[in-house]
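Structure, as structure tokens:
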Amino acid sequence: MTLKSSETSYNSKVFCSGINHTRRIPVHLRSVFAMLYLVGLGLADETDITVRGLEIVKKAERVYLEAYTSILLVDKEKLEAFYGRPVIVADRELVETGSDDILQDADKVDVAFLVVGDPFGATTHTDLVLRARELGIKTSTVPNASIISAIGCTGLQLYNFGQTVSMVFFTETWKPSSFYDRVKENVQLGFHTLMLLDIKVKEQSVENMARGRKIYEPPRYMTVAQCASQMLEIEEERKEGVYGPTSLAIGAARVGAPDQNLTVGTLKELCDVDMGKPLHSLVLLGQKTHDLERDYIREFAVNKTTFDEAWKANYGTSS
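Take 1 as the starting number for the sequence shown in the UniProt record's numbering and just add one per residue.
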């Protein structure tokens, strides 16, 4: 059948036996192939995207970059140069209240939604897929490395991790301690605890929010030192002995990047450590840490003497 030019304005690539064929898809068949793609970007820079993810980005009608649950370690301009196309930054307001804009015509054309790490590292992205389903929009996910898998760079065995918890910035009037109960459960089982540290991107002050002013605070990224300090503050308040100043932990900065930084020490030591640029994470060591894990992480110790003392006193139950 010969197609008119008005029917052939949409490209699709078909891969057969390793050969890249390009064909034209009629306008009336677009909805059959249209899709909302959630594409994981990995953790570091523009080159961490998978080959499949890059192919999707290049052919999508619109490309959004989710930019508030995490950040990539390069700016938007580098992404655009690598992808060869413009990228729309999707902040919290757009994703949570303006999802209709993202999903517009996604039943007719491909839309790519780019997420740092793995697409389902945040419940917000699950919600976006559910809204797409309600509108009859097909969805597909392209996974990638996330901090939850990449934290294996510390040398700790992933199956020895318990629940992952989040640490938010404390204020003078708000110091949530719900994380403490999750950590307690992990500690009781001897598991490591991965702590994801707060980021504040395009946040409004209480005053500006109350006055309806679109004025945003400068970005803030929690450091390992701040996390360790807040942890000890809550332990001092709760006094349940879940952890203490001599508990061992690992600070991880810019995981997956060329300047990745790992530092091991007691929580007291980590309160004073400077791990450089964001993003940071912290792992509280479980009491059943294996000797092989110990041998690996000892290399990154702030002070090997205090490390050995803390290990001898609190750890070393091999399994």
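All C-beta atoms in this analysis are idealised placements derived from N, C-alpha and C, irrespective of residue type, glycine included.
Can residue 263 and residue 251 be called in contact, C-beta distance under 7 Å?
-> Against the sequence shown, residue 263 aligns to sequence position 263. Against the sequence shown, residue 251 aligns to sequence position 251. Contact flag set, yes.
Neighbour-count burial assignment, residue 152, 16 or more Cβ in a 10 Å radius = On the sequence shown, position 152 is the one that residue 152 refers to. Exposed is the call here.
Whole-Å CB distance - residue 83 paired with residue 56, under 8 Å assumed | Sequence index remark: in the sequence shown, residue 83 carries index 83 (1-based). Sequence index remark: in the sequence shown, residue 56 carries index 56 (1-based). About 10 Å; that fails the 8 Å criterion.
Alpha-carbon to alpha-carbon, residue 248 and residue 310 | By one-based count along the sequence shown, residue 310 stands at place 310. By one-based count along the sequence shown, residue 248 stands at place 248. Those two C-alpha atoms are separated by around 7 Å.
Complete beta strand (DSSP E) runs within the segment 120-182 (minimum length 3 residues, chain order) = Counting only runs of 3 or more, we get 139-142, 165-167.
Return the chain-ordered list of same chain residues with a C-beta closer than 6 Å to the C-beta of residue 87, the five sequence neighbours on each side being excluded.
-> Locating residue 87 in the sequence shown gives position 87, where the first residue counts as 1. The residues are 63, 65, 76, 79, 80.
What is the rounded straight-line gap between the Cα of residue 299 and the Cα of residue 192?
-> Taking the sequence shown and counting its residues from 1, one reaches residue 299 at position 299. Taking the sequence shown and counting its residues from 1, one reaches residue 192 at position 192. Distance from the CA atom of residue 299 to the CA atom of residue 192, rounded to whole angstroms, is 18 Å.
Does the pairing of the segment 217-227 with the segment 122-137 give three or more beta-carbon distances under 8 Å?
-> Contact between the segment 217-227 and the segment 122-137 is absent: fewer than 3 CB-CB pairs across the two stretches fall below 8 Å.
Residue 53 by DSSP, collapsed to three states: which one?
-> Taking the sequence shown and counting its residues from 1, the one referred to as residue 53 is at position 53. In the displayed model, residue 53 falls within a helix according to three-state DSSP.
By DSSP, does residue 263 sit in helix, in strand, or in coil?
-> As a first step, residue 263 must be located in the sequence shown, where it is residue number 263. Residue state, collapsed to three classes: strand.
Out of 182, 179, 279, state which residue places its alpha-carbon closest to the alpha-carbon of residue 220.
-> Sequence index remark: in the sequence shown, residue 220 carries index 220 (1-based). 279 is the residue among 182, 179, 279 whose C-alpha sits nearest the C-alpha of residue 220.
Reference residue 218, options 200, 234, 212, closest by Cα | By 1-based counting over the sequence shown, the position of residue 218 is 218. Minimum Cα distance to residue 218 is reached at 200.
Residue 276 bridges to which residues according to DSSP?
-> Along the sequence shown, read from residue 1 onward, the residue named residue 276 stands at position 276. Paired residue(s): none; residue 276 is not in a bridge.
From the DSSP output, in three-state form, read off residue 195 for me.
-> Taking the first residue of the sequence shown as position 1, residue 195 is located at position 195. Collapsing the DSSP output to three states places residue 195 in a strand.
Return the chain-ordered ranges of every alpha helix (DSSP H) run that is complete within the segment 39-102 and spans a minimum of 4 residues.
-> 51-59, 76-83, 92-97, all fully within the segment 39-102.
From which residue to which residue does the beta strand (DSSP E) around residue 115 run?
-> Position 115 of the sequence shown holds residue 115. For residue 115, the uninterrupted beta strand (DSSP E) segment begins and ends at 111-115.
If you compare alpha carbons, which of 116, 189, 70 is closest to residue 315?
-> Here the question's residue 315 lines up with position 315 in the sequence shown. Of the listed residues, the one whose Cα sits closest to residue 315 is 189.
Can you find a heavy atom of the ligand MG that lies under 6 Å from the Cβ of residue 108?
-> Absence of the ligand MG is noted for the structure shown, with no ligands found whatsoever.
Opening and closing residue of the beta strand (DSSP E) in which residue 249 lies = Position 249 of the sequence shown, counted from the first residue, corresponds to residue 249. Its beta strand (DSSP E) spans residues 248-253.
Quick one: what does DSSP say residue 214 is sitting in, helix, strand or coil?
-> Mapped onto the sequence shown, residue 214 falls at position 214. In the three-state reduction of the DSSP assignment, residue 214 falls in the coil class.
Please classify residue 21: is it buried, with 16 or more other beta-carbons within 10 angstroms of its beta-carbon, or exposed?
-> Along the sequence shown, read from residue 1 onward, the residue named residue 21 stands at position 21. Low local confidence applies: a pLDDT of 36 at residue 21 is under 50, so the model's placement there is unreliable, with the coordinate-based value given in what follows. Looking at its Cβ environment, which holds fewer than 16 other Cβ atoms inside 10 Å, residue 21 is exposed.
Do you know whose CA, among 44, 161, 104, lies nearest residue 61's CA?
-> As a first step, residue 61 must be located in the sequence shown, where it is residue number 61. Looking at the Cα atoms, 104 is the closest of the given residues.
So the alpha helix (DSSP H) residue 312 belongs to, where does it begin and stop?
-> Position 312 of the sequence shown, counted from the start, is the residue given in the question as residue 312. Annotation: the continuous alpha helix (DSSP H) that includes residue 312 extends over 304-314.
Exposure of residue 28, with buried meaning 16 or more beta-carbon neighbours within 10 Å = Residue mapping note: residue 28 aligns to position 28 of the sequence shown, counting from 1. Annotation note: pLDDT 45 at residue 28 (below 50); position unreliable, no value reported.
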